[in-house]
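Residue numbers (this note's numbering), protein chains in the order written: chain Y, 1 to 483; chain F, 1001 to 1472.
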């Protein structure tokens, strides 16, 4: 225990592990401090579901940084994919499902019953969006200045609702995209939300632009591969070590104090927690200015919840080809209305959700005959008036009724169920995050303290991109000090 | 007979453009579909002896240099001082924007007409496009009822969700120019005087039906009686959709332009009730003469505003729409006979067409009762003094004034339709992708910010292009 460390990483989630691995590769002695008994954070299987356990966090991967996969040799360390390119499938109550896969012509055929014009437009829409997104990658993938583009400036003021209204005429097409436009608790009507489409299209998974993937053996495979990478770089991972506070000397960080009372000195601390948690809970009260503290004190109003079901039989809609993620959102307008209700602290009357059945792609995730249905529900109030424990039962009931409508018989097949309420500790997200330089998202008012988790990403999603860039910035910071 | 410029629409912008061009010695024709000029600057009798400006009581401010250069004061346009008290941040921003557009209109003639005029330097006020109205107002007031009141006076009958990013732009468009003494009609008359005195020819009662082109360049305006006005430049003061979608055959225009214009979003949402009262309402405690001169927002709270907004989004008529009362005859006694009073009620969040079908007599009566009930809460007993009423819903505005969707703002004041993006990024300000056609009116960059300024900007663009030899 007398080891001295150059850098400490708070939280052994995927981002923390990736940041630690990068720091260690740069030659620093690094320890990761994890409050739980096991590493993995949101990717670890620690949500009980009947006899099974599933991860609390992300249900699909659509933004994992390909450079992290390569640099940390994650594929060799066990990150394989059960599904590389999930189609986006809109389940409709007014007609056949809308299946938007990589095959543009098949997608156009499935759109045609809703609108012939939209079918033609979709092909152009995707090509143009993908081409623009490729230009924008520099801004979202690397730390540095990017010149402002006219198209970027236009999207940065255009709401997703206006963007979709201009692009498509059918409700089916607008609604299927509206779900993605509510990422981070935004309303599709808010200025700049159309940039979310460009950001999503700019991501690369398994060598495919804008793809959605599911890892083999589940999300835990990612956590394990990252743990292995960190271990190989001689990172020390300390579990059961909750951090109580940061130690400061002057306005720079000097280490952390654990809940056990142990103090660990270090000149660099990278936090995988949100900005709010890091600066409000861990830093001394006077470390941030009053105005910053006041701004940080604001909790997000709208978030998303996760509902996981274990089923005796695969739900009816799983038969749709190509296989994909299922989006239930009836109308764009109702998504905007639902956001308003969620903001007012109420359970929206009409919900939007995304469901995946990971066992369709990897049966080994559950015993034979059991299927897992993982559902992401948006938009929901983060701190409802009546409190989450009471609201949860109503929400679950509403979600099950909605699912039953699209997959008759589903209700009778449920053998296990668990629910994760929206997290109030998250940072409020707004469009300016997507346009801010990396440095602004990563640095904090405290010298040597950096954010490396979801809070530092342009859009809250599992990406590890922030971890990679935060590690580089932290190393440069340390070297600059030495010199 | 060939004119230098033909102006479609004799509203404030059209008349200001005509006066500016004619004063420079250009030959100018103005065509107006209504039987008299003025556009929304009209005052008419809605009940024997009672007059009111049917569409709005107050206009956005007229920039001072334009007001003086058109010599409006001598012509009888006197503006009562702005009556509401709001945070002044927006006012200090509006002027630089107006100046910037006016300067742009004059200088960009150096560049090619068809060059993309996408915004490069940020516009003044652009930081508002990322902020919410609540955030901006919250800094000046914490109490929620007070904030709801502020919100109502900023929105002034327009509709928006104040918690969404971009809604802060509503501050820039607050109508704060003051009421014209003698009604807005007096201002319309003054502008007409300025235009005619300078030598512009105004033809009323004749609608422009199409813009004629020869060799891809504007050649004139076709009129409803089949005649044609030949002109080297055309300034349209109609809104964007009317200009491009009804004055051209779509096949003549680039497909992308038609799509872009088609996607431009009007937001109808205001209804008006003009009320003739046999006697002014009894004064109430806490209401002195100066209160009566200003707008009275019927006590609303944040919840009521939110409910009204959501009802409007569903195309339902809200139960408690944001309501603003104005005893216009208290400011201008000429609007009502002696001893009587004229009251206007502005109702916000009123859908263009209710979800269950067009406005019927029953629906109109219900809306009228809603408005009168709101008046009753301020002045009990007023309903017994009502002599006559006129209700104007968005389709009436669309029909009478000829604006798409009956939206007087000329298009939603969303971040992607404001400032450098109005009407859209590669066609902003006055020049348009059609050579020789200039856009003034509500959908141009200045439309919602100032009165007359968009017309003057278009006129300056025309003059600059004449000087540069672009218009033949």
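Cβ atoms here follow ideal geometry from the backbone N, Cα and C, with glycine treated the same way.
Within-7 Å CB hit, residue i to chain Y
{"i": "residue 1166 of chain F", "result": "yes"}
{"i": "residue 1416 of chain F", "result": "yes"}
{"i": "residue 1263 of chain F", "result": "yes"}
{"i": "residue 1425 of chain F", "result": "yes"}
{"i": "residue 1430 of chain F", "result": "no"}
{"i": "residue 1090 of chain F", "result": "no"}
{"i": "residue 1129 of chain F", "result": "yes"}
{"i": "residue 1310 of chain F", "result": "yes"}
Beta-bridge pairing of residue i - partner residues as DSSP gives them
{"i": "residue 275 of chain Y", "result": "Answer by DSSP bridge pairing: none, since residue 275 of chain Y is not bridged."}
{"i": "residue 201 of chain Y", "result": "Beta-bridge pairing links residue 201 of chain Y to no other residue."}
{"i": "residue 1323 of chain F", "result": "F/1347"}
{"i": "residue 209 of chain Y", "result": "Y/204"}
{"i": "residue 1210 of chain F", "result": "F/1222"}
{"i": "residue 255 of chain Y", "result": "Y/247, Y/265"}
{"i": "residue 184 of chain Y", "result": "Beta-bridge pairing links residue 184 of chain Y to no other residue."}
{"i": "residue 215 of chain Y", "result": "Y/81"}
{"i": "residue 1045 of chain F", "result": "F/1051"}
{"i": "residue 1229 of chain F", "result": "F/1221"}
{"i": "residue 238 of chain Y", "result": "Y/33"}
{"i": "residue 1271 of chain F", "result": "F/1347"}
Sequence-distant residues of its chain with Cβ nearer than 6 Å to residue i (five each side left out)
{"i": "residue 1379 of chain F", "result": "1281"}
{"i": "residue 173 of chain Y", "result": "118"}
{"i": "residue 438 of chain Y", "result": "143, 469"}
{"i": "residue 1004 of chain F", "result": "1026, 1027, 1232"}
{"i": "residue 1083 of chain F", "result": "Note that residue 1083 of chain F scores 48 on pLDDT, short of 50, meaning its location in the model is unreliable; the coordinates nonetheless yield the value given after this. For residue 1083 of chain F, where only same-chain residues beyond five positions count, the Cβ hits under 6 Å are 1293, 1294."}
Simplified DSSP assignment, three categories, for residue i
{"i": "residue 431 of chain Y", "result": "coil"}
{"i": "residue 422 of chain Y", "result": "coil"}
{"i": "residue 1084 of chain F", "result": "Only weak support exists for where residue 1084 of chain F lies, its pLDDT of 49 falling under 50; the coordinates are left without a value."}
{"i": "residue 1437 of chain F", "result": "strand"}
{"i": "residue 1470 of chain F", "result": "coil"}
{"i": "residue 1003 of chain F", "result": "strand"}
{"i": "residue 1423 of chain F", "result": "strand"}
{"i": "residue 306 of chain Y", "result": "strand"}
{"i": "residue 1474 of chain F", "result": "Look at the range of chain F in this structure, 1001 to 1472, and you will see that residue 1474 of chain F is not part of it."}
{"i": "residue 1132 of chain F", "result": "coil"}
{"i": "residue 176 of chain Y", "result": "helix"}
{"i": "residue 416 of chain Y", "result": "strand"}
Same chain only: Cβ atoms within 7 Å of residue i, ignoring 5 sequence neighbours per side
{"i": "residue 1113 of chain F", "result": "With a pLDDT of only 48 at residue 1113 of chain F, under 50, the local geometry of the prediction cannot be trusted, and the value read off the model is given with reservation. Result list for residue 1113 of chain F: 1431, 1435, 1470, in chain order."}
{"i": "residue 66 of chain Y", "result": "204"}
{"i": "residue 1093 of chain F", "result": "1124, 1125, 1172"}
{"i": "residue 1405 of chain F", "result": "1266, 1268, 1352, 1394, 1398"}
{"i": "residue 425 of chain Y", "result": "274, 276, 277"}
{"i": "residue 1287 of chain F", "result": "none"}
{"i": "residue 1013 of chain F", "result": "1237, 1440, 1441, 1452, 1454, 1455"}
{"i": "residue 161 of chain Y", "result": "188, 189, 332, 336"}
Any C-beta of chain F under 7 Å from that of residue i
{"i": "residue 431 of chain Y", "result": "yes"}
{"i": "residue 92 of chain Y", "result": "no"}
{"i": "residue 383 of chain Y", "result": "no"}
{"i": "residue 187 of chain Y", "result": "yes"}
{"i": "residue 283 of chain Y", "result": "no"}
{"i": "residue 292 of chain Y", "result": "no"}
{"i": "residue 239 of chain Y", "result": "no"}
{"i": "residue 157 of chain Y", "result": "yes"}
{"i": "residue 154 of chain Y", "result": "yes"}
{"i": "residue 26 of chain Y", "result": "no"}
{"i": "residue 453 of chain Y", "result": "no"}
{"i": "residue 190 of chain Y", "result": "yes"}
heavy atom of the ligand HEM below 6 Å from residue i C-beta
{"i": "residue 1014 of chain F", "result": "As presented, the structure is devoid of all ligands, the ligand HEM included, so that no description of it is given."}
Proximal residues to residue i (C-beta, below 8 Å), its chain only, five neighbours per side dropped
{"i": "residue 1300 of chain F", "result": "1148, 1149, 1152, 1320, 1322, 1323"}
{"i": "residue 248 of chain Y", "result": "254, 283, 284, 287, 446"}
Report task. Return the chain-ordered ranges of every beta strand (DSSP E) run that is complete within the segment 335-406 of chain Y and spans a minimum of 3 residues. Result -> 352-356, 371-381
Requested in this report: Kindly provide the ranges of any beta strand (DSSP E) runs that are 3 or more residues long and lie completely inside the segment 1378-1404 of chain F, ordered along the chain.
Outcome: 1386-1392
Report task. Go through the segment 48-136 of chain Y residue by residue and report every complete run of the beta strand (DSSP E) that reaches 3 residues or more, in order. Result -> 52-54, 81-83, 87-90, 98-100
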